[in-house]
Ligand SMILES: [Zn+2]
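Residue numbers (this note's numbering): 12 to 174.
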């Protein structure tokens, strides 16, 4: 019976701090706390713990929240643009390979004809064909690498300004 009384008091201590209790329950609890040292100590320690947690609550400057939201939105936009650029790059790369495959026999004939005309060794004109066939992809790859490094440099410069 006594254990049930203390249990009720503990439930009301917690409920009073979280959701509130009726005035009758409050009166009963105060009367019990006045005569029960154990439940009184529990009520005080619970209140102290809640006060401590309240003091720990971080207050965030609305300007910081707005700046963070803006950065997240900017980053999302950058990722969307990057996806669109990559899609375009894949399409251009695919077209480049198709064009390369279609024009390879013609390029081969032209370079072979030049090799025979100027009496070049077969190794020279075959190497020339390989270089000519690979050159467009190499130039495009170089341009992409250069643009990527330039974008990264601009981004790191912007990041330095924002700090
Ligand atoms: Zn008690």
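The beta carbon of each residue, even a glycine, is placed where N, CA and C say it ideally should be.
Just so you know, these numbers come straight off a predicted model, no measurement behind them.
query                                                                                                         : result
CB of residue 44 within 8 Å of CB of residue 27, strictly                                                     : no
Residues with C-beta closer than 5 Å to any heavy atom of ligand 1, in chain order                            : 17, 20, 47, 50
Three-state secondary structure assigned by DSSP to residue 93                                                : helix
Buried/exposed call for residue 124, threshold 16 Cβ in 10 Å                                                  : exposed
Through-space distance from residue 30 to residue 52, alpha-carbon basis                                      : 21 Å
Buried versus exposed call for residue 48 [16 or more other C-beta atoms within 10 Å across all chains shown] : exposed
Sub-8 Å separation of residue 122 and residue 139 beta-carbons                                                : yes
C-alpha distance - residue 102 paired with residue 115, whole-angstrom precision                              : 20 Å
Environment of residue 110 [buried if 16+ CB atoms lie within 10 Å]                                           : exposed
Heavy atom of ligand 2 within 7 Å of residue 95 beta-carbon                                                   : The model on display carries ligand 1 but not ligand 2.
Collapsed DSSP secondary structure at residue 44 in the structure displayed                                   : helix
Reduced DSSP category for residue 33 - H, G, I as helix; E, B as strand; rest coil                            : coil
Best match in 97, 127, 54 for proximity to residue 18 [C-alpha to C-alpha]                                    : 54
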